[in-house]
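Asks: Here's a structure for you.
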Amino acid sequence: MPLANTAARLILRPPEQRDETAVRGLFAELRQENFDFLALNRDPTAADWDWSAVIDHLRRIADGKDLPPGIVRADFLLAEVDGQVVGRSSIRYGLTDFLRREGGHIGYAVGPRFRRRGYATEILRQSVDRLRANGIGKVLVTCDATNTASATVIEKCGGQLADVVPSTRGKLVRRYWIDADA
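Take 1 as the starting number for the sequence shown in the UniProt record's numbering and just add one per residue.
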């Protein structure tokens with residue numbers, strides 16, 4: 001089956017109770033790359049892990065009400081293809097100083113076993129579309145300077161390199177702007 005057809009079937013949706021096993025699996029895979037799949041600093045292998053509480057937390061952030069300082073309204077969406085969770089997107093509707101420097105409006109991930117199928121490009125494309133639908137015309141997307149695969153995805157989606165800056169983690173970060181209205 002052509003890759004484009006598979007990526008075209010990708011949908012972004014909020015996490016549900018039934019996704020816990022898939023999320024745990026992707027978290028474990030991406031932890032090998034020092035990447036936090038949930039982007040919440042919560043470990044699903046910890047004894048106090050509570051998936052229902054995580055879903056509730058993500059819903060509160062999506063609602064954008066009573067957010068603590070430094071947190072912006074954001075959607076955490078799972079990327080699903082043919083019933084299988086293959087990745088995720090964090091779509092942020094505002095930028096803090098930290099997000100302006102190294103987080104951007106969108107963070108995305110694809111599980112290692114699902115890569116090279118066009119999923120990252122489709123996740124980013126759909127995420128940019130959501131921001132445009134919410135009135136955000138210029139979208140900031142970042143990646144580690146050494147992550148050439150992500151840089152390629154961002155550029156394929158129209159990203160124009162603005163600069164490369166040091167991160168708080170001691171790495172260099174490539175900062176791209178995508179014109180969502182183009």
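No residue lacks a Cβ here, since even glycine has one placed at the ideal position from N, Cα and C.
1) Give me the residue from D144, E102, I91 with the minimum Cα distance to Q126.
2) Return yes when the Cβ of A8 is within less than 8 Å of the Cβ of V85, no when it is not.
3) Thinking Y119 and A79 are a contact (beta carbons under 8 Å), I'd like their distance in whole angstroms, please.
4) Under three-state DSSP, which class holds A62?
5) Under the three-state reduction of DSSP, which class applies to Y176: helix, strand or coil?
6) For F76, which beta-bridge partners are listed by DSSP?
7) Helix, strand or coil: how does DSSP classify R117 here?
8) Looking at the unbroken alpha helix (DSSP H) that takes in T148, where does it start and where does it end?
9) Who pairs with G107 in a beta bridge, going by DSSP?
10) CB-CB under 6 Å to R73, same chain, minus the five flanking residues each way: which ones, in chain order?
11) Please classify I71: does DSSP put it in a helix, a strand, or coil?
12) Just to confirm the assignment, what range does the beta strand (DSSP E) spanning T142 have?
13) Less than 6 Å between C-beta atoms, sequence neighbours within five positions excluded: which residues of the same chain meet that for V128?
14) If you reduce the DSSP assignment to three classes, tell me which class D181 lands in.
15) Spatial neighbours of R169 within its chain, please: C-beta separation below 7 Å, excluding the five flanking residues on both sides.
16) Can you check which of these residues, N134, D82, A182, is closest to H105 by C-alpha distance?
17) State the Cα-Cα distance for the pair A109 and P68, rounded to the nearest angstrom.
Replies: In this structure, then:
1) As a first step, residue 126 must be located in the sequence shown, where it is residue number 126. Looking at the Cα atoms, I91 is the closest of the given residues.
2) Mapped onto the sequence shown, residue 85 falls at position 85. Mapped onto the sequence shown, residue 8 falls at position 8. No, Cβ-Cβ distance for V85 and A8 is not below 8 Å.
3) Here residue 119 is taken as the residue at index 119 of the sequence shown, counted from 1. Here residue 79 is taken as the residue at index 79 of the sequence shown, counted from 1. Going by Cβ atoms, the distance from Y119 to A79 rounds to 6 Å, so yes, they are a contact pair.
4) Counting from one through the sequence shown, the residue named residue 62 turns up at place 62. DSSP places A62 in helix when its eight states are reduced to three.
5) Against the sequence shown, residue 176 aligns to sequence position 176. Three-state DSSP puts Y176 in a strand.
6) Within the sequence shown, the letter at position 76 stands for residue 76. DSSP lists S90 as partners of F76.
7) Position 117 of the sequence shown holds residue 117. Three-state DSSP puts R117 in coil, outside helix and strand.
8) Stepping through the sequence shown from its first residue, residue 148 is reached at position 148. From DSSP, the alpha helix (DSSP H) with T148 extends over 148 to 156.
9) For the purposes of this step, residue 107 is taken as the residue at position 107 of the sequence shown. In the DSSP assignment, the residues bridged to G107 are S90.
10) The count along the sequence shown starts at 1 and reaches residue 73 at position 73. Taken in chain order, the residues that qualify are G64, Y93.
11) In the sequence shown, residue 71 corresponds to position 71, counting from 1. Coil, per DSSP.
12) As a first step, residue 142 must be located in the sequence shown, where it is residue number 142. Taken as a continuous stretch (DSSP letters only), the beta strand (DSSP E) holding T142 covers 138 to 144.
13) Stepping through the sequence shown from its first residue, residue 128 is reached at position 128. V139, I178, A180, listed in sequence order.
14) Numbered from 1 along the sequence shown, position 181 holds the residue referred to as residue 181. Note: D181 maps to coil in three-state DSSP.
15) Translated into the one-based positions of the sequence shown, residue 169 becomes position 169. Excluding sequence neighbours, R169 sits near nothing in its chain.
16) Counting from 1 along the sequence shown, the entry for residue 105 is found at position 105. Ranking the options by Cα distance to H105, first place goes to N134.
17) By one-based count along the sequence shown, residue 109 stands at place 109. By one-based count along the sequence shown, residue 68 stands at place 68. Straight-line Cα distance between these residues: approximately 25 Å.
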